[in-house]
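Chains as they are written, first to last, in this note's numbering: chain G, 539 to 818; chain P, 911 to 1275.
All C-beta atoms in this analysis are idealised placements derived from N, C-alpha and C, irrespective of residue type, glycine included.
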């Protein structure tokens, strides 16, 4: 067999492989997103029953914005998710830094304890939290929901940032310090930009985990703290209505916008990193 | 040097963290503060009321009207099962003033001392209630509860395909193989079998229960799915011709397509379910809760609730004010003879274990 022929065959095989891979990728995407597409589509369906398409309408969105219960639930969910993200992002990053940089008493235990909330079944977390709140005499409210969410979300940030720190070159910080940068300057201009993608990833993860948590929240929610997942579950009890689809669609849109913003924010950090990499 | 630098960076971040925490606790206090003050002046006009209720069970306008009339700030939270309600009240730190459990849960809540006896002198509209819905087994003398809304469990079906149906027997007919949906609920499914056998839904005799299980095992190959959540949609989509289910959702499906679908409580009788207003033992705004219980039984208010949520109430004078389409809908307001054939689910005591075992056997077959 000539060299050219075997080359051509290899190219042919590569083409096939590519086509196959592309098909596979599309199939996976379809599998992941087809249900969501259907959900979005049916939020514009005129029929009250979800299964039959009878025509386009915006009525469900109009109804949604008139439904005080749902609006308050959206409010609550956003408050909880934002507060949880703010607290866990800061505290989780600090924890990750401490674990990566320092040696201290009980470090091992802290480290393995970090994984516990991720592993322990949510039902157990929820049940133990509500018992704890009972003993502590804390009335169930939005505050207990935030406390609970911070409790099981902290680990996510710490773990993700920790992973980012694992590949961190300390020499960069030392170099900056040698060149006269003050500690805060080193942190802000060297450390933070380098671990920022990890922090952002952790924050986004926590935001979504908090936003759609049902199990733990169902245990610790109290007066005036019905979150969106709780609201949707209780609505399902009366049957899936397009109103549920409409609120899910809006939530989806919000998530997409957030991810888009996150990616945009991440870009300058990465290019800066590349520049640094080139000059090295 | 490095260490102190890192330390300073950490401490400035800690300041940030405490800001975030302060923000969160402010939010929390905002939510908690009115609750505390409401406890102090609960008897005065205004104050608060924390309602914990099923979703789509209390129209916004009705709540708004109560607020306008009394100055009471009403918070409405929703639950998705009686068990969720039980868990919340058992926690001991949930500040709900008014809950709406179903019949069987009422018994459990009262038994666990999670409800407080009602001061009936404060409920001025008690006389509006239909005696047929009072003094039930789950709460003798209505010590703890006032009936709110009720319904039946029956059969939704495709009448274009099947014609008129009036017996549970159709669910055991091999001709409908694969076109049957049953509720995924032990008591309701056994209820169908027992009724078909001419027995009570609350049968306790293990021998009879075993016979019912046998009947259900034979029925199983005919059943397309056991589903307690989406039964009405499955029927509306035409995926099954017969759907065993609660009347609320089936009535809505029938109303949307009355040419094709129908709902019936078969002649052997079905289940009657009742949700009642009650006050948790630890409620802080008892006076407001009593006011609200009284308020929802005012004929005009009650009619607006029924018109809004499409469930039947036990209020007699309200009937004159309820939309004729709803009052005339047999799926919502069955006629008196049908209603008389329906039973509330009773507590089965020891037979519960037997029933659960038999149900597991049927399901796992």
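What residue does the alpha helix (DSSP H) around residue i start on, and which one ends it?
i	result
residue 1022(P)	It is not in any alpha helix (DSSP H) - residue 1022(P) carries neither H nor E in the DSSP assignment.
residue 573(G)	541 to 580
residue 1232(P)	Element bounds for residue 1232(P): n/a, residue is neither H nor E.
residue 1248(P)	1246 to 1250
residue 1204(P)	1196 to 1206
residue 687(G)	680 to 704
residue 617(G)	606 to 639
residue 1270(P)	1261 to 1274
As a quick exercise: from the options, pick the residue whose alpha carbon is nearest that of residue i.
i	options	result
residue 905(P)	1056(P), 980(P), 1014(P) and 1097(P)	Beyond the ends of chain P as shown, which are 911 and 1275, falls residue 905(P); an answer cannot be given.
residue 1135(P)	1094(P), 1114(P), 1026(P) and 1062(P)	1094(P)
residue 703(G)	594(G), 637(G) and 627(G)	637(G)
residue 1248(P)	1207(P), 1181(P), 1198(P) and 1234(P)	1181(P)
residue 596(G)	793(G), 788(G), 798(G) and 689(G)	788(G)
residue 724(G)	734(G), 711(G) and 705(G)	711(G)
residue 957(P)	1107(P), 1262(P), 971(P) and 980(P)	980(P)
residue 820(G)	601(G), 688(G), 766(G) and 579(G)	Because chain G in this structure spans residues 539 to 818, residue 820(G) falls outside the shown range and cannot be described.
residue 992(P)	964(P), 971(P), 1076(P) and 1146(P)	964(P)
residue 728(G)	709(G), 742(G) and 743(G)	709(G)
residue 1250(P)	1118(P), 1179(P), 961(P) and 1211(P)	1179(P)
residue 1130(P)	1169(P), 1027(P) and 1099(P)	1099(P)
residue 734(G)	767(G), 780(G), 627(G) and 594(G)	627(G)
residue 1272(P)	1241(P), 1124(P) and 1209(P)	1124(P)
residue 500(G)	570(G), 761(G) and 603(G)	The requested residue 500(G) does not occur in the structure, where chain G is confined to residues 539 to 818.
residue 1189(P)	1077(P), 967(P), 1014(P) and 1020(P)	1020(P)
residue 1026(P)	1065(P), 1234(P), 1032(P) and 1054(P)	1054(P)
residue 759(G)	1004(P), 1270(P) and 1266(P)	1004(P)
residue 764(G)	620(G), 615(G) and 736(G)	615(G)
residue 692(G)	625(G), 552(G) and 666(G)	625(G)
residue 1145(P)	988(P), 1133(P) and 1160(P)	1160(P)
Is residue i buried or exposed, if buried means 16 or more other CB atoms sit within 10 Å of its CB?
i	result
residue 1046(P)	buried
residue 607(G)	buried
residue 1067(P)	buried
residue 1176(P)	buried
residue 853(P)	Coverage of chain P is limited to positions 911 through 1275, which leaves residue 853(P) absent and any answer about it impossible.
residue 1117(P)	exposed
residue 600(G)	exposed
residue 960(P)	buried
residue 687(G)	buried
residue 1108(P)	exposed
residue 1174(P)	buried
residue 554(G)	exposed
residue 575(G)	exposed
residue 1154(P)	buried
Quick one: Cα of residue i to Cα of residue j, how far?
i	j	result
residue 1037(P)	residue 1201(P)	15 Å
residue 771(G)	residue 1140(P)	12 Å
residue 1220(P)	residue 558(G)	54 Å
residue 795(G)	residue 1052(P)	53 Å
residue 740(G)	residue 793(G)	15 Å
residue 1254(P)	residue 1042(P)	12 Å
residue 1226(P)	residue 1087(P)	43 Å
residue 786(G)	residue 577(G)	8 Å
residue 1231(P)	residue 1207(P)	13 Å
residue 1024(P)	residue 1011(P)	12 Å
residue 950(P)	residue 769(G)	Low confidence applies to residue 950(P): its pLDDT is 40, below 50, so where it sits in the model is not reliable, and the reading given next is rough at best. If I take the Cα positions, the gap works out to 30 Å.
residue 1170(P)	residue 1256(P)	35 Å
residue 644(G)	residue 755(G)	30 Å
residue 655(G)	residue 1063(P)	42 Å
residue 1166(P)	residue 556(G)	50 Å
Between which two residues does the beta strand (DSSP E) carrying residue i extend?
i	result
residue 1209(P)	Run containing residue 1209(P): none in the beta strand (DSSP E); it sits in the alpha helix (DSSP H), 1209 to 1219.
residue 983(P)	983 to 989
residue 1057(P)	1055 to 1068
residue 1133(P)	1133 to 1136
residue 1256(P)	Segment: none, residue 1256(P) is in no beta strand (DSSP E) and carries neither H nor E.
residue 993(P)	Looking at the DSSP string, residue 993(P) is not in any beta strand (DSSP E); the run it does join, the alpha helix (DSSP H), is 992 to 1001.
residue 1155(P)	1152 to 1156
Taking 8 Å as the CB-CB limit, is residue i close to chain A?
i	result
residue 607(G)	Here the protein chains are G and P, and chain A is not one of them.
Should residue i be listed as close to the ligand SAM, given that the test is whether its C-beta is under 7 Å from any heavy atom?
i	result
residue 757(G)	Among the components modelled here there is no ligand, and therefore nothing to report on the ligand SAM.
Residues of the stretch 970 to 987 of chain P whose Cβ lies closer than 7 Å to any Cβ of chain G, in chain order: 970, 985, 986 and 987
In chain order, what residues of the stretch 757 to 789 of chain G put their CB closer than 8 Å to some CB of chain P? 757, 759, 760, 761, 762, 763, 764, 768, 769, 771, 772, 773, 774, 775, 776, 777 and 778
Looking at chain G, which residues of the stretch 989 to 1015 of chain P have a Cβ within less than 8 Å of any of its Cβ atoms? Taking 8 Å as the Cβ-Cβ cut-off against chain G, the residues of the stretch 989 to 1015 of chain P that qualify are 989, 990, 991, 994, 997, 998, 1001, 1002, 1003, 1004, 1005 and 1006.
Along the stretch 717 to 750 of chain G, where does the CB come closer than 7 Å to a CB of chain P? Name the residues. 721, 722, 724 and 725
Any residues in the stretch 1130 to 1152 of chain P with a beta carbon nearer than 7 Å to a beta carbon of chain G? Which ones, in chain order? Sequence-ordered contacts of the stretch 1130 to 1152 of chain P with chain G read 1139, 1140, 1142, 1143, 1146 and 1147 [C-beta pairs closer than 7 Å].
Could you name the residues of the stretch 555 to 585 of chain G whose beta carbon sits closer than 9 Å to any beta carbon of chain P, in the order they occur along the chain? Hits within the stretch, in order: 585.
Between the stretch 1177 to 1198 of chain P and chain G, which residues of the former have a C-beta closer than 9 Å to a C-beta of the latter? none
Short-range partners of chain P found in the stretch 632 to 649 of chain G, where Cβ spacing is below 9 Å: 632, 635, 636, 639 and 640
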